[in-house]
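Number 464 marks the last residue of the sequence shown (this note's numbering); no jumps.
All residues carry an ideal CB built from backbone N, CA and C; glycine is no exception.
For clarity, every value in this text was computed on a predicted model and none was experimentally measured.
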Amino acid sequence: MERSYLIKPILDAVYPTIDYGKGVYLYDKNQKDYIDGSSGAVTASIGHGVPEIIKAINDQANKVSFVYRSQFTSEPAERLAKKLSELTPGDLHWSFFVNSGSEATETAMKIAIQYWQEQGIFTKNKIISRFISYHGITLGALSMSGHVGRRERFIPLLEEFPSVSAPYCYRCPFKLTYPSCDLLCASELEKTIQRMGKQTIAAFIAEPIIGAAGGAIVPPEGYYQEIKEICERNDILFIADEVMTGIGRTGKMLAIEHWNVQPDIVALGKGMSAGYTPMAATIVSDRVMEPILQGSKVIMSGHTYSANPQSAAVSLAVLDYIEKLQLIDRGHMMGNYLLHKLATLANEFSFIGDVRGKGLLIGIEFVYDKEKKIPIKLATVVIQKAMEHGLLVYPSSAGEEGITGDAILISPPLVITKEEVDELVTRLKRALVEVEASLH
Ligand code: PLP
25 MERSYLIKPI LDAVYPTIDY GKGVYLYDKN QKDYIDGSSG AVTASIGHGV
75 PEIIKAINDQ ANKVSFVYRS QFTSEPAERL AKKLSELTPG DLHWSFFVNS
125 GSEATETAMK IAIQYWQEQG IFTKNKIISR FISYHGITLG ALSMSGHVGR
175 RERFIPLLEE FPSVSAPYCY RCPFKLTYPS CDLLCASELE KTIQRMGKQT
225 IAAFIAEPII GAAGGAIVPP EGYYQEIKEI CERNDILFIA DEVMTGIGRT
275 GKMLAIEHWN VQPDIVALGK GMSAGYTPMA ATIVSDRVME PILQGSKVIM
325 SGHTYSANPQ SAAVSLAVLD YIEKLQLIDR GHMMGNYLLH KLATLANEFS
375 FIGDVRGKGL LIGIEFVYDK EKKIPIKLAT VVIQKAMEHG LLVYPSSAGE
425 EGITGDAILI SPPLVITKEE VDELVTRLKR ALVEVEASLH
């Protein structure tokens, strides 16, 4: 291979060169096929090469691709904001468009702090998050993230935001069992607010199902209801980071809808444009917008490409496609089918400790032995072996041993068929058999 000057995540890694994609399959330059079992980074949720999206890209490019948001609004951006206000629950009526999930959570953080400032309260400027979490790579987003591996190099630059335990029943941080635990992980939030002083806390941020840092950790019933009550009792906003879980990934438009809890601010990304263009959004409720509209009327965030008509048109086409093919219901059904198959597969391997998730966001956590649940670092080798067998899966861990186990995410496009799920599991099994052999 020719020398590469491309800066890659791991500089000396040799990746296959991609040629094209169709549906759930990707093909490299050697015509090897891969099932996109992770939708890239849980992004390509409607599959690759969808003609309707390609047409929308062309149609908008033929009109206008870029206008600056402080000079013009555009029909696609206005229509996208209206559509999101209809698709999201309650009074989440206002969209602020950005280009990545990190920008969406960082904007959410800034808007939460501004909400209190507009009411004359300048002390509420900390955000509480959870030890096992990932909210993005920029410094504000990283300050809210628990992902040790991604934080450690920059710790001196990060805000010292407080953290609380994650609702991680497989490895309960309190060594308790649900429901007799009385949801201590939720009440820890209230204790932390009291310890810090509620006059210092602007918001609590959580991924409804913990993705990149935890391998699809689903909280127990009642957790989010209690979290929401604690936030309300203590005048704290609740930010749902739906960058990974939003737009149908878990079988609902927003994952937080599984628990009927209303967030004050939502961060979206990834599935919003399904990988066809960079696009993300911070969705803000009427309640939060009100003092801003009556006050400064300015949100001091935004980027050159925010709300560009090209990305807005693509995102609209993606949302239309999801609606037309009823992909959220379909993803829910296929997710149940895949979860069941993976749970069965787990019985065949001593190093699979847990299989969990909702919809098409499924985590597999690895252990030395099932009884003792001792974590084992296996994600990298499983990912490598799966790739050799033509299957893409995604790494997931908090980046420090002992906080979580090592896990992978399986999150294929919502368009996956039953036959393709079967093929995905067949390829995964081939990879796991080789991993098992390498352990002896
Ligand atoms: N929030 C969550 C929950 C994520 O999973 C991610 C990315 O994986 C982000 C934020 C950051 O998104 P991006 O990589 O688009 O900046």
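Please report the distance separating the alpha-carbon of Pro436 from that of Leu340. For the purposes of this step, residue 436 is identified with residue 412 of the sequence shown, where counting begins at 1. For the purposes of this step, residue 340 is identified with residue 316 of the sequence shown, where counting begins at 1. Looking at the two C-alpha atoms, the distance is approximately 21 angstroms.
When you compare only the Cα positions, how much space is there between Phe185 and Ile31? Translated into the one-based positions of the sequence shown, residue 185 becomes position 161. Translated into the one-based positions of the sequence shown, residue 31 becomes position 7. So the two alpha carbons sit approximately 31 angstroms from each other.
Would you grab the beta carbon distance between Val322 and Thr129 for me? Rounded to a whole angstrom, and I think it's under 8 angstroms. The count along the sequence shown starts at 1 and reaches residue 322 at position 298. The count along the sequence shown starts at 1 and reaches residue 129 at position 105. Rounded, the Cβ-Cβ distance is 20 angstroms, inconsistent with contact.
Grab the span of the alpha helix (DSSP H) containing Arg354 for me, first residue to last. Working through the sequence shown from its first residue, we reach residue 354 at position 330. Per DSSP, the continuous alpha helix (DSSP H) segment holding Arg354 begins and ends at Leu351 to Ala370.
So what's Ile145 in DSSP terms, helix, strand or just coil? Counting from one through the sequence shown, the residue named residue 145 turns up at place 121. DSSP, read as helix, strand or coil, puts Ile145 in coil.
Does the segment 233 to 241 touch the segment 178 to 193, meaning 3 or more C-beta pairs lie closer than 8 angstroms? yes
Validate contact between the segment 162 to 169 and the segment 202 to 210 using beta carbons, cut 8 angstroms, 3 pairs: no
Secondary structure of Leu292, DSSP reduced to three states: Locating residue 292 in the sequence shown gives position 268, counting from the first residue. Of the three classes helix, strand and coil, the one that applies to Leu292 here is strand, per DSSP.
Element boundaries [alpha helix (DSSP H), containing Ile254]: For the purposes of this step, residue 254 is identified with residue 230 of the sequence shown, where counting begins at 1. Residues Tyr247 to Arg257.
Determine the closest residue to Thr67 out of Asn332, Ala85, Val48 and Thr428, with distance taken between C-alpha atoms. As a working note, residue 67 is residue 43 in the sequence shown. Checking every option, the nearest Cα to that of Thr67 belongs to Val48.
Within 10 angstroms of its Cβ, does Asp43 collect 16 or more other Cβ (buried), or is it exposed? For the purposes of this step, residue 43 is taken as residue 19 along the sequence shown, with counting starting at 1. So Asp43 counts as exposed.
For the candidate residues Glu231, Thr224, Ala298 and Ser462, whose alpha-carbon lies nearest to that of Tyr247? Start at 1 with the first residue of the sequence shown, and residue 247 comes out as number 223. Comparing Cα positions, the closest option is Glu231.
Residues of its chain near Glu458, where Cβ-Cβ distance is below 6 angstroms and the 5 sequence neighbours each way are ignored: Looking up residue 458 in the sequence shown gives position 434. Excluding the 5 residues flanking it on each side, Glu458 has same chain C-beta neighbours closer than 6 angstroms at Lys409, in chain order.
Roughly how many whole angstroms lie between the Cα atoms of Met35 and Arg311? The sequence position of residue 35 within the sequence shown is 11, counting from 1. The sequence position of residue 311 within the sequence shown is 287, counting from 1. Note that residue 35 is Leu in the sequence shown, not Met. The alpha-carbon atoms of Leu35 and Arg311 are separated by roughly 46 angstroms.
In its own chain, which residues sit with a C-beta less than 7 angstroms from the C-beta of Ala298, not counting the 5 before and 5 after it? Counted from its first residue, the sequence shown places residue 298 at position 274. These residues qualify, in order along the chain: Thr67, Ala68, Ser69, Ile70 and Val342.
Residues bridged to Thr301 [DSSP beta-bridge criterion]: Residue numbering aside, residue 301 sits at position 277 when the sequence shown is read from its first letter. Looking at the DSSP output, Thr301 bridges to nothing.
Is any heavy atom of the ligand PLP found at a distance shorter than 6 angstroms from the C-beta of Met133? Position 109 of the sequence shown, counting from 1, holds the residue named residue 133. No, Cβ of Met133 sits at least 6 angstroms from all heavy atoms of the ligand PLP.
Among Ser98, Tyr29, Phe375 and Pro113, which has the Cα closest to the Cα of Pro287? As a working mapping, residue 287 is identified with position 263 in the sequence shown. Pro287 has its Cα closest to that of Pro113, out of Ser98, Tyr29, Phe375 and Pro113.
For the ligand PLP, is there any heavy atom lying closer than 6 angstroms to the beta carbon of Ala236? Numbered from its first residue, the sequence shown carries residue 236 at position 212. Indeed, a heavy atom of the ligand PLP lies less than 6 angstroms from the Cβ.
Our contact map puts Phe390 next to Ile376 with C-beta atoms below 8 angstroms; I'd like the distance itself, whole angstroms only. For the purposes of this step, residue 390 is identified with residue 366 of the sequence shown, where counting begins at 1. For the purposes of this step, residue 376 is identified with residue 352 of the sequence shown, where counting begins at 1. That pair is a contact at about 7 angstroms.
Whole beta strand (DSSP E) elements within the segment 174 to 229, 3-residue minimum: none
For Pro75, the nearest candidate out of Lys397, Lys46, Ala370 and Ile152 (CA to CA): Residue numbering aside, residue 75 sits at position 51 when the sequence shown is read from its first letter. Ranking the options by Cα distance to Pro75, first place goes to Lys46.
Glu214 versus Ile251 - alpha carbon distance: Indexing the sequence shown from 1 puts residue 214 at position 190. Indexing the sequence shown from 1 puts residue 251 at position 227. Going from the Cα of Glu214 to the Cα of Ile251 covers about 9 angstroms.
Nearest residue (CA-CA) to Leu433, options Val439, Glu444, Tyr418 and Asp446: The residue you call residue 433 lines up with position 409 of the sequence shown. Nearest option by C-alpha distance: Tyr418.
Taking only heavy atoms of the ligand PLP into account, decide whether any of them is closer than 6 angstroms to the Cβ of His327. By one-based count along the sequence shown, residue 327 stands at place 303. No - the ligand PLP has no heavy atom lying nearer than 6 angstroms to the Cβ of His327.
Measure the C-alpha to C-alpha separation of Ala85 and Gln334 and round it to an integer number of angstroms. Here residue 85 corresponds to residue number 61 of the sequence shown, with the count starting at 1. Here residue 334 corresponds to residue number 310 of the sequence shown, with the count starting at 1. Roughly 7 angstroms between the two C-alpha positions.
Tell me whether Val267, by its Cβ, gets closer than 6 angstroms to a heavy atom of the ligand PLP. The residue you call residue 267 lines up with position 243 of the sequence shown. Within the cutoff, so yes.
Taking 6 angstroms as the limit between beta carbons, can you name the residues of its chain near Glu142, skipping five residues before and five after? Translated into the one-based positions of the sequence shown, residue 142 becomes position 118. Hits under 6 angstroms: Pro315, Ile316 and Gly319.
Are the Cβ atoms of Ile151 and Ile234 separated by less than 7 angstroms? As a working note, residue 151 is residue 127 in the sequence shown. As a working note, residue 234 is residue 210 in the sequence shown. In this structure, Ile234 does not lie closer than 7 angstroms to Ile151 by Cβ.
Could you tell me which of Ile217, Ala237 and Lys365 sits nearest to Ile254, measuring between CA atoms? In the sequence shown, counting from the first residue as 1, residue 254 sits at position 230. Looking at the Cα atoms, Ile217 is the closest of the given residues.
Tell me whether the segment 92 to 112 and the segment 357 to 369 touch, counting them as touching only if at least three CB pairs, one residue from each stretch, are closer than 8 angstroms. no
Which whole-angstrom value is the C-beta distance of Arg273 and Gly125, which I expect to be below 8 angstroms? In the sequence shown, residue 273 corresponds to position 249, counting from 1. In the sequence shown, residue 125 corresponds to position 101, counting from 1. Not really, about 13 angstroms apart at Cβ, beyond 8 angstroms.
Among Thr41, Ile289, Leu385 and Gly61, which residue has its Cα nearest to the Cα of Gln55? In the sequence shown, the residue the question calls residue 55 occupies position 31. When only C-alpha atoms are compared, the closest one is Thr41.
Please find out if some non-hydrogen atom of the ligand PLP comes closer than 6 angstroms to the beta-carbon of Tyr300. The residue labelled residue 300 in the question sits at position 276 within the sequence shown. With a cutoff of 6 angstroms, Tyr300 does not count as near the ligand PLP, since its C-beta is closer than that to no heavy atom of the ligand.
Which one of Ile307, Ile398, Tyr361 and Ile386 has the shortest CA to CA distance from Val445? Position 421 of the sequence shown, counted from the first residue, corresponds to residue 445. The candidate whose alpha carbon is nearest that of Val445 is Tyr361.
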